[in-house]
Amino acid sequence: MLMSICSRWIHRTRPNADNGDRPTGLAPRFADSLITLLVGERRFTTNSETLTERSPFFSALLSGRWDNKLQDGSYFVDADGDLFEHILRYLRRGLLPVFYDNVKGHDYNLYMALLQEAKYFGILRLEKWLENKEYLKAVEVHHTVSKQNCNADDLSIIESNVTKEYLSAPLWSTQSYWHCPHDIPEHAKRQRACQDYSLAHDHHNATTGRKVTVVSWDATVLRKETVFNDHLCLDR
Ligand SMILES: [Zn+2]
6 MLMSICSRWI HRTRPNADNG DRPTGLAPRF ADSLITLLVG ERRFTTNSET
56 LTERSPFFSA LLSGRWDNKL QDGSYFVDAD GDLFEHILRY LRRGLLPVFY
106 DNVKGHDYNL YMALLQEAKY FGILRLEKWL ENKEYLKAVE VHHTVSKQNC
156 NADDLSIIES NVTKEYLSAP LWSTQSYWHC PHDIPEHAKR QRACQDYSLA
206 HDHHNATTGR KVTVVSWDAT VLRKETVFND HLCLDR
């Protein structure tokens with residue numbers, strides 16, 4: 006199963022921009038700790054502990070030492086809003102990001118861009134994760150090569166964390182068997198027995214069985230399985 010902490014990062018979606026309006030009906034003390042950030046053109050709402058726990062940048066920004074609030078009470082951060090989405094996700098839950106796609110592999114451009122942001126915001130653990138490419142250990146790709154007799158059904162089975170390549174020029178073969186309407190396995194190779202059975206047991210004389218031909222071939226299969234080491238993404 007790919008429902009893992011890491012894999013949730015794989016398919017990047019762009020959530021709706023956080024609504025900058027403060028939720029109503031909150032206790033005043035809690036409402037006071039809410040912070041609205043204007044990052045580039047996107048607004049994010051979170052609380053001050055989330056921002057300051059791991060980031061000296063935000064400790065300084067929210068220290069009250071400077072008169073740096075905008076008129077509406079929010080703070081402007083000169084950064085890319087889409088990248089900041091990943092920064093905030095890390096600050097909120099301490100999950101280190103893995104941007105991996107089964108086909109394209111790791112998204113190194115995104116790692117590079119995020120590394121600059123981690124440095125800008127002074128988030129050391131995230132910076133180390135990205136700079137030392139620790140995310141590589143979070144995704145393992147296992148290859149196995151095998152010889153396999155395949156038919157069309159094999160090709161249509163899709164496992165989300167497995168890709169298969171069928172390498173050799175296929176050697177075709179066909180196999181025929183009798184499709185028994187009585188579900189008696191021995192009839193698969195004995196059309197005559199099946200027809201006799203029909204005459205003896207079915208109310209109508211003619212058997213409804215039919216001959217089925219399956220095409221198969223021998224191929225060398227390169228199987229690639231992706232394994233996610235979720236625990237490595239937890240910031241402990
Ligand atoms: Zn039969």
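Those letters in the sequence shown? Residues 6 to 241, by the numbering used here.
From the three backbone atoms N, C-alpha and C, an ideal C-beta is built for every residue, glycine too.
In this text, all values refer to a predicted model and were calculated from it rather than measured experimentally.
Between F81 and E46, the alpha-carbon positions lie close to 9 Å from each other. Excluding the 5 residues flanking it on each side, V232 has same chain C-beta neighbours closer than 6 Å at E145, in chain order.
Beta-carbon to beta-carbon, E136 and L120 are separated by about 6 Å, close enough to satisfy the 8 Å threshold. Residue nearest to S64 within the set F126, Y95, H206 is F126 (criterion: CA-CA distance).
Leaving aside the five residues that flank V167 on each side, the residues in its chain whose CB is nearer than 8 Å to its CB run, in chain order, R228, K229, E230, T231.
Exclusion of the five residues before and after D85 leaves G45 as the residues of its chain whose Cβ lies within less than 7 Å of its Cβ.
Look at the beta carbons and you see the segment 94–109 not touching the segment 65–72: under three pairs across the two are nearer than 8 Å. Shortest gap from the CB of C199 to any heavy atom of ligand 1: under 6 Å. Remark: C-beta atoms of A143 and L237 approach each other more closely than 7 Å. In terms of Cβ geometry, T41 and S79 form a close pair [threshold 7 Å].
For secondary structure counted as the beta strand (DSSP E) over 3 or more consecutive residues, the segment 180–238 holds these complete runs in sequence order: 215–233. Distances from the CB of H192 to the heavy atoms of ligand 1 include at least one below 6 Å.
Apart from sequence neighbours up to five positions away, the residues of its chain that approach S38 with a beta-carbon distance below 6 Å are N52, S53, ordered along the chain. Shown here for F62: same chain residues with a beta carbon closer than 6 Å to its own, the five before and five after excluded, namely F126, G127 in chain order. In this structure, D240 and R130 form a Cβ contact; the two beta carbons are roughly 6 Å apart against a cut-off of 8 Å. Pairing L172 with D223 gives a Cβ-Cβ distance that is not under 7 Å. Taking the Cα of S151 as reference, the smallest distance to any Cα among K169, A157, S165, C185 is reached at K169. V217 and Q180 have their C-alpha atoms spaced approximately 8 Å apart. Note on S165: under 16 other CB atoms within 10 angstroms of its CB, so exposed under the neighbour-count rule.
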